[in-house]
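Reading through the structure tokens given below for one structure.
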Ligand SMILES: Cc1cc2nc3c(=O)[nH]c(=O)nc-3n(C[C@H](O)[C@H](O)[C@H](O)COP(=O)(O)OP(=O)(O)OC[C@H]3O[C@@H](n4cnc5c(N)ncnc54)[C@H](O)[C@@H]3O)c2cc1C
């Protein structure tokens, strides 16, 4: 499977059940039964949470997840509590990090790597800027960070040329997760807990009167349930076209470089980083075990259907090399060994969309990750399950159903051209 460099070896794992959809074409269940469409991080964590609440659950996904094209499927995602002045996401990140540590203890091997986060500013951190506001919130809430104002700190990061990105701090609390492998393990837990995995694709929702009662697949199978949760990431706006003004898919470039001196890029000397990210988009990760170094761009992206995405274009490669030449010179001439356009499902305001559709009883939408949802995996299933059960969730209001409002993004996102 693409992207799983270091898969977990589950001795106890059952072989994938593959397609459970039979030729009977109708599979009706009774009791509290949820059908989850999409086996990314939203879908799998929801399945596990509903399972723990006594629901019987099915996941429909094209093949056993992780799916190669899913946003969640990747070698790495950043985990951070650095959300500028936005205390809501700061607190959510704080809780998520505790959740990752718990999963590290409970799972066969740790998939969250607390290597910290090196947050650089172009020139001095300024009030109102992402880096300054991050640090202010962290300090107010009692977290220590290391300001990059001593040669001792600067010397720790020899790959960086700090002449341009000359200010910033290191937050030891944060890091990255092996996201594709996380989904692989969540799927393992789902299967072990009795979630039925249907290999297939939703074609459309099935309704009885005004109530959504199931999902019709492209193979003509009908899978029914009391509640249908659509968690199809970037495919959601196509599957639920009435949400086209609320969420849309954008392609975002990811490159892997293979430097000839990977030791320079070990986590100790090259932790996950961002470089004036809100004004540039640049961020990246330490070297993987095979020496690859991922550099990505948290920018506006290009609106494109997930099935029509192309590869990373030459202009982006050139601008990445130009940035690296100024900031991380040892990487600037390294060969690019992997290119990917990964899909964000953006909402108009940058907050996820998690809630019952008020116009379609029985339908819950859980999507709109907006390029920053993976880190919240340890708690997102609970938020979605509460939406399914119409329970109030402490964090849920920010993500609740909405069809319009002020445009925006989370504070780290670069929205320039
Ligand atoms: C380049 C990039 C970098 C990112 N970096 C970070 C980061 O550093 N930190 C962070 O926290 N977040 C990050 N994110 C965001 C994060 O990856 C997403 O918010 C999150 O993975 C979304 O999960 P999901 O379950 O909604 O969607 P997905 O993971 O895309 O899952 C959707 C699933 O639905 C399935 N599906 C699609 N159509 C159908 C259908 N018709 N029927 C059935 N199933 C279907 C797909 O196959 C897929 O398995 C990044 C995203 C990208 C693209």
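Residue numbers (the working numbering): 1 to 417.
Ideal Cβ positions, reconstructed from N, Cα and C, are used throughout, including at glycine.
Taking a contact as a CB-CB distance under 8 Å, the pair residue 107 and residue 79 does not count as one, their CB atoms being some 15 Å apart. Remark: the C-beta of residue 69 is in contact range of ligand 1, defined as less than 7 Å to any heavy atom.
Assigned with DSSP and collapsed to three states, residue 127 falls in coil, not helix or strand.
At the C-beta level, residue 132 and residue 140 stay beyond 8 Å of one another.
Out of 416, 228, 399, 379, the CA that lies nearest to the CA of residue 98 is found in 379.
Per DSSP, residue 156 lies in no beta strand (DSSP E) segment and is marked neither H nor E. Contact check between the region 194-204 and the region 59-69: three or more CB pairs, one atom from each, fall below 8 Å, which counts as touching. Unbroken alpha helix (DSSP H) stretches of 4 residues or longer found wholly inside the region 252-287: 277-280, given in chain order. Excluding sequence positions up to five before and after residue 147, its CB lies within less than 7 Å of the CB of 169, all in the same chain and listed in chain order. At least one heavy atom of ligand 1 sits closer than 7 Å to the Cβ of residue 61. Burial is judged here by how many other beta carbons sit within 10 angstroms of a residue's own beta carbon; residue 263 has fewer than 16 and is exposed. Within the same chain, 159, 259, 286, 287, 293 come within 7 Å of residue 265 by CB-CB distance, once the 5 residues on both sides are set aside.
Within the same chain, and ignoring the five residues on either side of residue 337 in sequence, the residues whose Cβ sits closer than 8 Å to its Cβ are 256, 257, 258, 292. Residue nearest to residue 405 within the set 363, 151, 350 is 350 (criterion: CA-CA distance). Annotated three-state conformation of residue 329 is helix, per DSSP.
Leaving aside the five residues that flank residue 410 on each side, the residues in its chain whose CB is nearer than 6 Å to its CB run, in chain order, 350, 372.
Between residue 230 and residue 239, the C-beta gap is smaller than 8 Å, which places the two residues in contact. Less than 8 Å separates the beta-carbon of residue 246 from that of residue 347. Taking C-beta atoms as the reference points, residue 114 and residue 175 count as a pair closer than 8 Å.
Around the beta carbon of residue 142, a 10 Å sphere encloses fewer than 16 other beta carbons of the protein chains shown; the residue is thus reported as exposed. If you ignore the 5 residues before and after residue 234, its C-beta comes within less than 6 Å of the C-beta of 249, 306, 343, 345, all in its own chain and listed in chain order. Distance from the CA of residue 392 to the CA of residue 138, rounded to the nearest whole angstrom, comes to 28 Å.
C-alpha of residue 134 to C-alpha of residue 273: approximately 14 Å in a straight line.
When DSSP states are grouped into helix, strand and coil, residue 235 belongs to the helix group.
Excluding sequence positions up to five before and after residue 299, its CB lies within less than 8 Å of the CB of 252, 281, 413, 414, 415, 416, all in the same chain and listed in chain order.
DSSP, read as helix, strand or coil, puts residue 303 in strand. In this structure residue 171 is in contact with residue 116, their Cβ atoms being roughly 6 Å apart against a cut-off of 8 Å. The Cβ atoms of residue 177 and residue 92 do not sit closer than 8 Å to each other.
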